[in-house]
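Peer 1:
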């Protein structure tokens, strides 16, 4: 249909002067009856407008007369001019625009970017809603007629939207254009620090550019800047920076902790200390290879709180010289520091329980591995890959007298230890070219540099270490101190106050600048060795500083101490808690924060109390600990005024209760646990563990955090997770499930999963994955390396048709996998990973028919020699699935060209055999694939055959249809229902056919579609026995003639109300094959069928086009009425050419 809309606005609250007589409801073709017409004082209007600028207007005057006129481009013609009894009214009601607004009042763009502004005109039914757009400076920003703004160059321009109806009404958006390389930095704290580093001044408000950040050199402090992962993209522009302090940015997570966010042109040190949002756990894959092969990372500070150093996290970081492993780390994963050739010393903290294979292999300069804080011994860490030259420090700390020291070349120093004297101690140096050590612990500087000196017992029960720096020996000339001065000669302090004096020795290059401090009266003021003066009590004392080199060089500061002010006591007036109701698990803790007012109260101390310590306890700091299930009130009381207190009601839940915040998911789990979908209490781990069989969690708004709950479904054999669009690739991994019972998983429709991660479902001896089958969602593009490695129970996986690549070893070792079809979305052989099917010993069929691949060019995927590879075009075997009994036969046909040599085969001849002409014979119960392929691999096909035991195989004896005859009109459908006898027949498949598909067609489900007039026989034949069938005779009649005009109700609310100035909207569609003239009528009738009033409009509706009639009509305030809409051929003949619709009146 042509989408050209003709708008017809009709509002007549009085009967038209057309003088309808004999108007009533006489059938579909005559809808007119005699009616008395009543007047209404309201004045309404009807207007019919069309894109060709023709319009019809109708209005009612105060005497109840209706006047209609039609305007054209160059003249006005009344209905009376056309022979109709309608008077002209020169007045037309126009709805003016009263306001215009924009969805934005400001916008920021870069050069070349665009934004579309949305204008809203009020009222929405204004006669002219057109908007005129303009830019104050088109050299900076342009705007088109739809409000689309395009940034041209840097600067500011105002974009104005004005009403065409009233030019004084407008709205404005100020658009600021930045340079193409400008950066949108929304983090104000971060921007302020970057601005300062660039040197633009703290009050700079403009954009920073990529070039600004690239010009920053040296060290930059971005600590405590509220940086998030999205802000981390800015780090890539700090090309000239050698050290970035990112500490205490708690919103940075593992997603922001990776080398890709930095530019490594300049070697860099990174500080992530205090970034508590970075959490690596042994069960997580987060952080794997985060900085792998980052050759310009020199040092990195990691945050306390991480539990693991992930796999390959710092693999081959060859410039990494220093790393402090946080005390919270429990596991260092394999290859974590492999190949870090500049790393010389690593201390393992006491929380580390696991050091995985090769975590330090290839660290060729690693001199010392310090294990003193751990229970590890030299024998237990052979797997980590350290070279034999590494000094392993084990056992208790030998407490060397020096932890670090500096000596000159040729100098000596003695280091002692607290190792028991009965132990045999070995002293050693990690670099004897720098420093040597005697068996008594005397070190000697050899050459400038740094080395570690260590002492360890023969039985590795004690050890210690000292970091020694050797500097070049020098012979400086001694320069005496000639004078000394202080930065203050007097100071006034109150009791308890402190001040630090600064002493300066002259000359600047004096050899010995050490000084001695002294107070003349320590009862009044004391001074320490650093010049810090503390006022003790009222009085005066002289603080003297004297040169250690020249006792005659002194300086003095007179300190006057006065009594400290006695503060005025400020009473507490109120106390509150940050929480009033809270819930925790038994064994968990909750910290409550108390606020005392006023802020400057003298005594802000509080006491805490629990109403039931068997349920919850609270300590002096407000830390609440759940003890057992129940409820307790935690009360905080002001020490200053015990009347002032605050309360928090704490509900303690069972220790194994689950925090389920997703209401849809909780409802489904509760129902599965037998508690009812409206259950509001807590679910426990035991509740979920008791669920067995299959569970449907589809369409449950599940997100990645919710996926951790799946691990509690220990007894479930199949989980339907389909259509949960909040699940991403991070939630799809074996660790989220319990595999005590083998499981099938369904992720179909989970459109946010676009890949399966490396090792996501990889099975290991100590972590077996009992995955039976998995449905992956369409839209996925990648299955990464080793995603399903060694899933030995996996029998079925359908690779989505959107997959672009399958990684190396993706399905390796999946020994139960029998059939895999590669989709045509994989276009390049390099995207079919090496060994992806290696070890799939039962892989019977590798189906390549949808691809351009061949058997020869896919050998790298590692399938067994026994695998049948189907290539080329689809041979279209029919049927594609067969069910037969042992001893039974079935003929399979193909559409392989007759000139081709066809090879038929079975993947399991013990189950089903096939002859050279496609006749399948069932041998014994089971499933096998029957294939046909040409000898040149240009064409192939496949059929799945299931064989059942002949003794238990029940044959079909009868087929009946619910109809033996049916009458349809062209285009109609009917679905035939077949009944198969007996009900326990093994093969209930039917083959549906039509005797004449030009008259009626039938699909595989028995759905019949009438095509054209005539008769056809629909037959349902048993696939088990072709002699058993049922038939239905279908008679097709021509379809009914369609009304020339189709009328539908277009009212937004579909109904109108009594007593209102009702607005009625009807749509008239031209169903004929030519332009159709019509009179559209909306008429109001009383309960006796008498016409009260009506509105009409004349128009010509083009072929396949439509008109919309918008009518305003004043309705009576009470009574029973009917409002109808229809179309007639003319005002003279009044022949209905449309259906009639009722418009409800409330």
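Residue numbers (UniProt numbering): 1 to 1146. Glycine included, each C-beta is placed from N, C-alpha and C at the ideal position. Note that the structure is predicted; figures quoted are calculated from it, not measured.
With DSSP as the reference, label residue 713 as helix, strand or coil.
Peer 2: For this step, residue 713 is matched to residue 713 along the chain shown. Of the three classes helix, strand and coil, the one that applies to residue 713 here is coil, per DSSP.
Peer 1: Three or more C-beta pairs under 8 Å: does that hold for the stretch 944-958 against the stretch 879-897?
Peer 2: Yes, they touch.
Peer 1: Within 7 Å (strictly less), CB to CB, does residue 968 reach chain D?
Peer 2: The structure shown contains no chain D, having only a single protein chain.
Peer 1: Would the beta-carbon of residue 1018 fall within 7 Å of that of residue 1034?
Peer 2: Here residue 1018 is taken as the residue at index 1018 of the chain shown, counted from 1. Here residue 1034 is taken as the residue at index 1034 of the chain shown, counted from 1. Cβ distance < 7 Å, so residue 1018 and residue 1034 count as in contact.
Peer 1: Less than 6 Å between C-beta atoms, sequence neighbours within five positions excluded: which residues of the same chain meet that for residue 1132?
Peer 2: Position 1132 of the chain shown, counted from the first residue, corresponds to residue 1132. If we look at residue 1132 and ignore the five residues flanking it on each side, it has no Cβ neighbours.
Peer 1: Whose C-beta lies closer than 8 Å to the C-beta of residue 614 among residues of the same chain, with five residues either side of it excluded?
Peer 2: Position 614 of the chain shown, counting from 1, holds the residue named residue 614. Result list for residue 614: 627, 628 and 630, in chain order.
Peer 1: Using 8 Å as the threshold, is the stretch 429-438 in touch with the stretch 448-455, meaning 3 or more CB pairs across them?
Peer 2: Segments in contact, yes.
Peer 1: Tell me which residues share the same chain as residue 355 and place their Cβ nearer than 6 Å to its Cβ, disregarding the 5 neighbours each side in the sequence.
Peer 2: Translated into the one-based positions of the chain shown, residue 355 becomes position 355. Cβ within range, chain order: 332, 381 and 384.
Peer 1: Helix, strand or coil for residue 237? Go by DSSP, reduced to three states.
Peer 2: In the chain shown, the residue the question calls residue 237 occupies position 237. Three-state result, residue 237: helix.
Peer 1: Is residue 610 helix, strand or coil when you go by DSSP?
Peer 2: One-based indexing of the chain shown puts residue 610 at position 610. If DSSP states are grouped into helix, strand and coil, residue 610 belongs with the strands.
Peer 1: Along the chain, where does the beta strand (DSSP E) containing residue 834 start, and where does it finish?
Peer 2: Counted from its first residue, the chain shown places residue 834 at position 834. Where residue 834 is concerned, there is no enclosing beta strand (DSSP E), given that its DSSP letter is neither H nor E.
Peer 1: Between the beta-carbon of residue 1026 and the beta-carbon of residue 1048, is there less than 7 Å?
Peer 2: Along the chain shown, one-based indexing puts residue 1026 at 1026. Along the chain shown, one-based indexing puts residue 1048 at 1048. Not a contact, by the Cβ cut-off of 7 Å.
Peer 1: If contacts are defined as beta-carbon pairs under 8 Å, then residue 498 and residue 534 qualify, I think. What distance do you get, rounded to the angstrom?
Peer 2: Walking along the chain shown from the start, residue 498 turns up at place 498. Walking along the chain shown from the start, residue 534 turns up at place 534. The Cβ separation is near 5 Å, so the contact holds.
Peer 1: If we require 4 or more residues per run, which alpha helix (DSSP H) segments fall completely within the stretch 652-697?
Peer 2: List check, alpha helix (DSSP H) in window: 663-672 and 685-689.
Peer 1: According to DSSP, which residues form a beta bridge with residue 649?
Peer 2: The residue given as residue 649 occupies position 649 in the chain shown. DSSP, once it has assigned bridges, lists 581 and 633 as partnering residue 649.
Peer 1: Can you say whether residue 413 is buried or exposed, counting buried as having 16 or more other CB atoms within 10 angstroms of its CB?
Peer 2: Within the chain shown, the letter at position 413 stands for residue 413. By the 10 Å Cβ count, residue 413 comes out buried.
Peer 1: Closest to residue 564 by CA distance: which of 939, 438, 537 and 803 is it?
Peer 2: As a working mapping, residue 564 is identified with position 564 in the chain shown. Of the candidates 939, 438, 537 and 803, the one whose C-alpha sits nearest the C-alpha of residue 564 is 537.
Peer 1: On the DSSP bridge list, what partners appear for residue 557?
Peer 2: Start at 1 with the first residue of the chain shown, and residue 557 comes out as number 557. According to DSSP, residue 557 bridges with 543.
Peer 1: Whole angstroms are fine: how far does the CA of residue 566 sit from the CA of residue 369?
Peer 2: Mapped onto the chain shown, residue 369 falls at position 369. Mapped onto the chain shown, residue 566 falls at position 566. C-alpha separation (whole angstroms): 58 Å.
Peer 1: Measure the beta-carbon distance from residue 1148 to residue 400 and round it to whole angstroms, keeping in mind my assumption that it falls under 8 Å.
Peer 2: This structure gives no information on residue 1148, because the portion of the chain shown stretches from 1 to 1146.
Peer 1: Taking only the alpha-carbon atoms, compute the straight-line gap between residue 837 and residue 864 and give it to the nearest angstrom.
Peer 2: Here residue 837 refers to the residue found at position 837 of the chain shown. Here residue 864 refers to the residue found at position 864 of the chain shown. Each residue's Cα considered, the two are about 8 Å apart.
Peer 1: Tell me residue 589's beta-bridge partners as DSSP assigns them.
Peer 2: For the purposes of this step, residue 589 is taken as the residue at position 589 of the chain shown. In the DSSP output, where bridge partners are listed per residue, residue 589 has 625.
Peer 1: Report yes or no: do three or more beta-carbon pairs, one from the stretch 671-690 and one from the stretch 646-658, lie closer than 8 Å?
Peer 2: With the cut-off at 8 Å, the stretch 671-690 and the stretch 646-658 touch.
Peer 1: If the criterion is Cβ atoms closer than 7 Å, does the pair residue 136 and residue 142 meet it?
Peer 2: Along the chain shown, read from residue 1 onward, the residue named residue 136 stands at position 136. Along the chain shown, read from residue 1 onward, the residue named residue 142 stands at position 142. No, the Cβ-Cβ distance between residue 136 and residue 142 is not below 7 Å.
Peer 1: Quick one: measure Cβ to Cβ for residue 110 and residue 155, integer angstroms, because I've assumed they're closer than 8 Å.
Peer 2: Against the chain shown, residue 110 aligns to sequence position 110. Against the chain shown, residue 155 aligns to sequence position 155. That pair is no contact at about 12 Å.
Peer 1: Where does residue 167 land, buried or exposed, given buried means 16+ other C-beta within 10 angstroms?
Peer 2: Locating residue 167 in the chain shown gives position 167, counting from the first residue. Residue 167 should be labelled exposed.
Peer 1: Measure the C-alpha to C-alpha separation of residue 797 and residue 809 and round it to an integer number of angstroms.
Peer 2: As a working note, residue 797 is residue 797 in the chain shown. As a working note, residue 809 is residue 809 in the chain shown. If I take the Cα positions, the gap works out to 15 Å.
Peer 1: Less than 7 Å separating the beta-carbons of residue 954 and residue 985?
Peer 2: The sequence position of residue 954 within the chain shown is 954, counting from 1. The sequence position of residue 985 within the chain shown is 985, counting from 1. Yes, these two residues count as a Cβ contact at 7 Å.
Peer 1: Please state the DSSP three-state secondary structure of residue 189.
Peer 2: Here residue 189 refers to the residue found at position 189 of the chain shown. Residue state, collapsed to three classes: helix.
Peer 1: Which term fits residue 785, buried or exposed, when burial requires 16 or more other beta carbons within 10 angstroms of its beta carbon?
Peer 2: One-based indexing of the chain shown puts residue 785 at position 785. Flag for residue 785 reads buried.
Peer 1: Could you tell me which residues DSSP pairs with residue 437 in its beta bridges?
Peer 2: Looking up residue 437 in the chain shown gives position 437. Looking at the DSSP assignment, residue 437 forms a beta bridge with 443.
Peer 1: Sort 548, 500, 487 and 501 by Cα distance to residue 514 and report the nearest one.
Peer 2: One-based indexing of the chain shown puts residue 514 at position 514. That would be 548, whose Cα lies nearest to the Cα of residue 514.
Peer 1: Buried or exposed: residue 38, going by 16 or more other Cβ atoms within 10 Å of its Cβ?
Peer 2: Taking the chain shown and counting its residues from 1, one reaches residue 38 at position 38. Here residue 38 scores only 31 on pLDDT, less than 50, and its place in the model is too uncertain to base an answer on.
Peer 1: Residues in its own chain within less than 6 Å of residue 170 by CB, not counting five upstream and five downstream?
Peer 2: The sequence position of residue 170 within the chain shown is 170, counting from 1. So the qualifying residues of the chain are 160 and 162.
Peer 1: Is it the case that the Cβ atoms of residue 945 and residue 932 are separated by a distance below 7 Å?
Peer 2: Looking up residue 945 in the chain shown gives position 945. Looking up residue 932 in the chain shown gives position 932. No, these two residues do not count as a Cβ contact at 7 Å.
Peer 1: Can you say whether residue 1076 is buried or exposed, counting buried as having 16 or more other CB atoms within 10 angstroms of its CB?
Peer 2: For the purposes of this step, residue 1076 is taken as residue 1076 along the chain shown, with counting starting at 1. So residue 1076 ends up on the buried side.
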